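For the record, in the sequence shown the residue sitting at position 65 is 251 according to the working numbering, with numbers rising by one throughout.
By construction, the Cβ of each residue, glycine as well, lies at the ideal position given by its N, Cα and C atoms.
A quick note: this is a predicted structure, and the numbers were derived from the prediction, not measured.
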Amino acid sequence: MEKTTINAKNAPAAVGPYVHAVKAGDFVFTSGQIGLIPETGELAEGIVAQTEQVLKNLGAVLTEAGLTYADVIKTTVFIDNIADFATVNEIYAKYFTGDAPARSCVEVASLPKGALIEIEVIAVS
């Protein structure tokens, strides 16, 4: 099976030794994205802005892979406060319309750079 790495020019640079995504066969596995603004490298402010930015960043990675949100089959959402679950769902639903992907959502103790949310996806071409 051929493996190809993907780095999106319109997403923030990785904050560690990883790539934005890896394509293996028909599947694309993204690294987790946090709410970094690509132009500044700074985190967006608050859970609403960070969730929007995370999903924009994931959109840039999917676009670089030649895919869209409709191609996503599984997401994993990490949030630092489960009380933000309903807020995240409201924003998330704007990006995943129609048949929603399978999803896990877990509360974590902390995320890189003090982020409030991180999302990773698996998509199929």
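Pair within 9 Å by beta-carbon distance, residue i and residue j
i: asparagine 288; j: leucine 229; result: Checking the displayed sequence, the identity of residue 288 turns out to be alanine instead of asparagine. No; because the gap between Cβ atoms is not below 9 Å, this pair is not in contact.
i: valine 205; j: asparagine 196; result: no
i: proline 198; j: isoleucine 233; result: no
When the options are compared against residue i, the one with the closest alpha-carbon
i: valine 208; options: Ala251, Val201, Ile305, Ala295; result: Ala251
i: lysine 189; options: Gly202, Val201, Ala272, Gly211; result: Gly211
i: glutamate 293; options: Ala286, Asp285, Thr283, Glu304; result: Glu304
i: tyrosine 281; options: Glu231, Met187, Asn243; result: Asn243
i: alanine 309; options: Leu241, Ala256, Glu231; result: Ala256
i: serine 290; options: Phe271, Thr283, Thr262; result: Thr262
i: valine 240; options: Ala286, Ile277, Gly284; result: Ile277
i: glycine 221; options: Thr283, Ala295, Val274; result: Val274
i: glutamate 231; options: Glu306, Ser311, Val307, Lys299; result: Lys299
Chain C contact for residue i (CB, 9 Å cutoff)
i: leucine 297; result: Absence of chain C from the displayed structure is noted, only one protein chain being present.
- Task: Give, in chain order, every unbroken run of the alpha helix (DSSP H) that is at least 4 residues long and sits entirely within the stretch 225 to 275.
- Result: 232 to 250
- Task: Say whether the stretch 245 to 264 touches the stretch 205 to 220, bearing in mind that this needs 3 or more beta-carbon pairs closer than 8 Å, one atom from each stretch.
- Result: yes
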